[in-house]
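Just so it is clear: in the sequence shown, position 20 is 481 by our numbering, and no numbers are missing. Glycine is no exception: its CB is placed at the ideal position from the N, C-alpha and C atoms.
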Amino acid sequence: HMAAPRATGPAVNVLEALLATPEWHTRAACAGMAPDARIDPEADDVFFPADQRLTAEAYGLCRGCEVREECFESALAAPFPIAGTWGGLGERVLDQARRRRQPSRRRCEHCQDWFTPRCKPDTRFCGDKCRSAASTRRARRAA
462 HMAAPRATGP
472 AVNVLEALLA
482 TPEWHTRAAC
492 AGMAPDARID
502 PEADDVFFPA
512 DQRLTAEAYG
522 LCRGCEVREE
532 CFESALAAPF
542 PIAGTWGGLG
552 ERVLDQARRR
562 RQPSRRRCEH
572 CQDWFTPRCK
582 PDTRFCGDKC
592 RSAASTRRAR
602 RAA
């Protein structure tokens, strides 16, 4: 009996990265606490309460946590809005911080002009014209 081949490629790598537990999690004040109740219905829902006004216990744990900053930064860096309490801050404050954070300027790989990415921070081109021109150039080189 042969084992099924393991899927590989960019999508799998992204999924593995998203599911990986960062080292700082082991040093967090909440390490070992029950996970989100949406995953485990029996969970102690301290960090993901149904009523966001009931977050005092989570805030108390976060207040003295040695990895509070890493937790906050990880929530802000997520490619999607994060629910619950992270780094001692609730969803509303995290959303406000995410909106205020400006992506850093970078150079377009095609025209070399500086631009600020609007959606994805790892955007390589300043616009559709440069993206298309770079794609055409790559196709010509490959031919």
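- Contact between the segment 548 to 560 and the segment 520 to 528 is present: three or more C-beta pairs spanning the two stretches fall below 8 angstroms.
- Shown here for His571: same chain residues with a beta carbon closer than 7 angstroms to its own, the five before and five after excluded, namely Phe586, Cys591, Ala594, Ala595 in chain order.
- The beta carbons of Leu522 and Cys491 sit closer together than 8 angstroms.
- Excluding five sequence positions before and after Glu518, the CB atoms of its chain that fall closer than 8 angstroms to its own CB belong to Val507, given in chain order.
- In terms of CA proximity to Pro582, Arg566 leads the group Thr487, Asp589, Arg566.
- The beta carbons of Gly545 and Phe576 sit no closer together than 8 angstroms.
- Close CB contacts of Ala558 within its chain, under the 7 angstroms cut and outside five residues either way in sequence, are with Leu537 (chain order).
- Comparing C-alpha distances from Pro483 to each of Glu531, Thr516, Ala511, Tyr520 shows the shortest one belongs to Glu531.
- Contact between Pro540 and Asp556 is absent: CB atoms are separated by about 14 angstroms, not below the 8 angstroms threshold.
- Around the C-beta of Ala489, 16 or more other C-beta atoms lie within 10 Å, and the residue is accordingly described as buried.
- The DSSP assignment places no complete run of the beta strand (DSSP E) inside the segment 506 to 546 (cut-off: 3 residues).
- Shown here, Arg567 sits in a strand according to DSSP, grouped into three states.
- Among the bridge pairs identified by DSSP, Phe576 is matched with Arg567.
- Classified as exposed, Thr487 has fewer than 16 neighbouring CB atoms from the shown chains inside 10 Å of its CB.
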